[in-house]
Amino acid sequence: MNLIDLNLVRALIIDLFLRMDSCRARFFSMSNTIETIKEQISSNDILLYMKGNPRAPQCGFSSQAVQALMSCGERFAFVNILDNPDIRSELPKFANWPTFPQLWVKGELVGGCDIIVEMASNGELQTLINEAVGSSSEE
């Protein structure tokens, strides 16, 4: 092997190790993000993943979801996905639901804006929220 070939081999090996480190870092980042999502969902009986926050929603769908939830009269947790790009990226895969907002109640995905608004208009959301809050106070 001549000198050029050795330098090429060294460069390829270094490139391979750098790619492996990058893949490993992405894997651990994704794994930590999924653990964070699981913890958020299990720790909050009513949780809305949204764009913005309840006082300043950053999209019309999040605004509608917040209004529907607020009409139920109970407190709820929220995660601003615009401030959490890893969650914004990984939650749709975890939930098998591609869009935001996402409402989670007692660890179960309820759905997005259309479902939340529909449930609010027919009274199902109020019932679901009341049951979630009622079961929390009994525990």
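Each residue of the sequence shown is one higher than the one before, counting from 1 in the UniProt record's numbering. Using N, Cα and C, we set each Cβ at its ideal position, and we do this for glycine too. Only a predicted model underlies this, so the values are computations on that prediction, with no experimental measurement involved.
Same chain, Cβ closer than 8 Å to residue i, five either side skipped, listed in chain order
i, result
"residue 112", "61, 65, 97, 99, 100, 101, 102 and 103"
"residue 37", "87, 90, 91 and 94"
Top-ranked residue by Cα proximity to residue i, from the options
i, options, result
"residue 79", "116, 46 and 93", "46"
"residue 115", "51, 73 and 68", "68"
"residue 70", "117, 109 and 39", "117"
"residue 105", "123, 84, 131 and 85", "131"
"residue 84", "56, 51, 59 and 57", "51"
Under 8 Å between C-beta atoms of residue i and residue j
i, j, result
"residue 49", "residue 82", "no"
"residue 87", "residue 33", "yes"
"residue 44", "residue 77", "yes"
Other residues of its chain near residue i: CB distance less than 7 Å, five sequence neighbours each side excluded
i, result
"residue 107", "41 and 42"
"residue 74", "46, 129 and 133"
"residue 120", "68 and 71"
"residue 125", "68, 72, 116 and 119"
"residue 53", "78 and 80"
Backbone secondary structure at residue i - three-state DSSP
i, result
"residue 102", "strand"
"residue 60", "helix"
"residue 129", "helix"
"residue 108", "strand"
"residue 46", "strand"
"residue 78", "strand"
"residue 168", "Summary: the structure shown does not reach residue 168, with the chain confined to residues 1 through 139, and so no result is reported for it."
"residue 96", "coil"
"residue 52", "strand"
"residue 86", "helix"
"residue 134", "helix"
"residue 68", "helix"
Cutoff 6 Å; reference residue i; Cβ partners in own chain excluding five residues on either side
i, result
"residue 141", "Here the chain has residues from 1 to 139 only, and residue 141 is not among them."
"residue 28", "With a pLDDT of only 46 at residue 28, under the threshold of 50, the placement of this residue in the model should not be trusted, and no figure is reported."
"residue 59", "51"
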